[in-house]
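Trainee: Sharing a structure, written as structure tokens. Questions coming.
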Amino acid sequence: MLPLSVSAQNVPQGGPPEGKQALAKGDFAHAKTIYQGYLHSHQGSIPGELGLADAELGLHEYEAAELQYRAITAVQPELWIAHKNLVIIEAALGRWEEFDRERAILRGARQRGEPGITMHESDVIDSFDVHGEHWIVREYDEPEGRSLTRYNFERFAPSGRAEEYISLESAQAAQAALTPEDIRIGKTPKLTRPIHDFALNYYTPKGHGTITRYPKGEPTYETVRAEVLRWLRRQTPAQAH
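Counting in our numbering, the sequence shown runs from 28 upward without gaps.
As structure tokens, this is what we get:
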């Protein structure tokens, strides 16, 4: 898992260039050593602490990374990339109240129009492996695309192309958008009223279908995640592809 702040827009400048290079290459153990050494002589450096936290996240040292990111946000509460990475950490640790709290911080910042964050971007909020395959999860604060997607669970081919995905989306919009092409192509329709009827739909090279529906409104992410994991674990890799 690459820490999100490697490619973030609103990241403090500074810190050791070789540490940034190690992070970009995915050499998280080396990056951790570099940033630890840097912080010995640059105590309190936000770029240094952020680099160390990113390295720990890349190494899946979630508790250590959490402490680093929380120390950073205590000093710079508007460093949104730290909050975004805390979302990923809390999902990995299964701490859903903290997960929701961090997402609420980001949502509030978007609604207030804070600099460095917009309503028209997606956040990677989670990742997991099933049958040896890696999935990432994107959240859209504003439902996105012709299907008005809230969450996309995505599996990528080695080429980097999204090979299959599972979406929580408006059941009505998804049905209307269903064409032989990728249903995410096209402009986002204007959302004139809240979505009440959600569907959890899958899309693979072999076809598409509905896993389950939520006719009474949007379910919690924890509920959707559990349903996706159950469905994926019932599939064999051959069935899924």
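The C-beta atom is built at its ideal place from N, Cα and C for all residues, glycine as well.
1) Alpha carbon to alpha carbon, how far is ALA200 from SER72? Give it in angstroms, no decimals.
2) Among ASP54, GLY53, GLY41 and ARG260, which has the Cα closest to the Cα of TRP162?
3) Could you please give the first and the last residue of the uninterrupted beta strand (DSSP E) stretch that includes HIS223?
4) Considering Cα atoms alone, identify which of GLY78, LEU106 and HIS110 is closest to GLY46.
5) Would you call the CB atoms of GLY53 and TYR65 closer than 8 Å?
6) Would the segment 102-119 count as touching the segment 130-144 if we require 3 or more Cβ pairs under 8 Å?
7) According to DSSP, is HIS69 helix, strand or coil?
8) Please check the pair THR26 and LEU106, which I expect to be a contact at CB under 8 Å, by giving their CB distance rounded to whole angstroms.
9) Could you tell me if LYS243 is buried or exposed, where buried requires 16 or more neighbouring beta carbons within 10 angstroms of its beta carbon?
10) Quick test of the definition: if touching needs 3 or more C-beta pairs under 8 Å, does the segment 229-249 touch the segment 184-192?
11) What does a CB cutoff of less than 6 Å around THR250 pick up in its chain, not counting 5 residues either side in sequence?
12) Looking only at its own chain, which residues have a Cβ that is under 6 Å from the Cβ of ALA80, when we skip the five neighbours before and after it?
13) Let me check understanding here. Comparing Cα to Cα, which of ASP168, VAL164, PRO170 and LEU175 lies closest to GLU181?
14) Starting from ASP158, follow the beta strand (DSSP E) in both directions and report where the run begins and ends.
15) Specify the secondary structure class of MET28 as computed by DSSP and reduced to three states.
16) Quick one: is LYS233 buried, meaning 16 or more other Cβ sit within 10 Å of its Cβ, or exposed?
17) For ALA198, count neighbouring Cβ atoms within 10 angstroms of its own Cβ and tell me buried if that reaches 16, exposed if not.
18) Taking Cβ to Cβ, would you say ILE222 is nearer than 8 Å to GLU254?
19) Using CA coordinates, which residue listed in SER154, ALA204, ARG173 and GLU166 is at the minimum distance from PHE183?
20) Identify, in the order they occur along the chain, each residue of the same chain with its Cβ nearer than 7 Å to the Cβ of TRP123, setting aside the five sequence neighbours on each side.
21) What residue from ILE152, GLN138 and GLU148 has the CA that sits closest to GLU129's CA?
22) Using the Cα positions of HIS67 and LEU84, report the straight-line distance between them to the nearest angstrom.
23) Nearest-angstrom Cα distance between ILE237 and ASP150?
Mentor: From the atom records:
1) 47 Å
2) ARG260
3) First-last for HIS223: undefined, no H or E at that position.
4) GLY78
5) no
6) yes
7) coil
8) No statement about residue 26 is possible, as the shown extent of the chain runs from 28 to 268 and does not include it.
9) exposed
10) yes
11) none
12) ALA92, GLN95 and TYR96
13) VAL164
14) Looking at the sequence itself, residue 158 is His, so the reference to Asp does not match. First-last for HIS158: undefined, no H or E at that position.
15) For MET28, the predicted model reports a pLDDT of 48, less than 50, meaning its position is unreliable and no value from the coordinates is stated.
16) exposed
17) buried
18) no
19) SER154
20) GLU249
21) ILE152
22) 20 Å
23) For the record, residue 237 in the displayed sequence is Thr; it is not Ile. If you take the alpha carbons of THR237 and ASP150, they lie about 24 Å apart.
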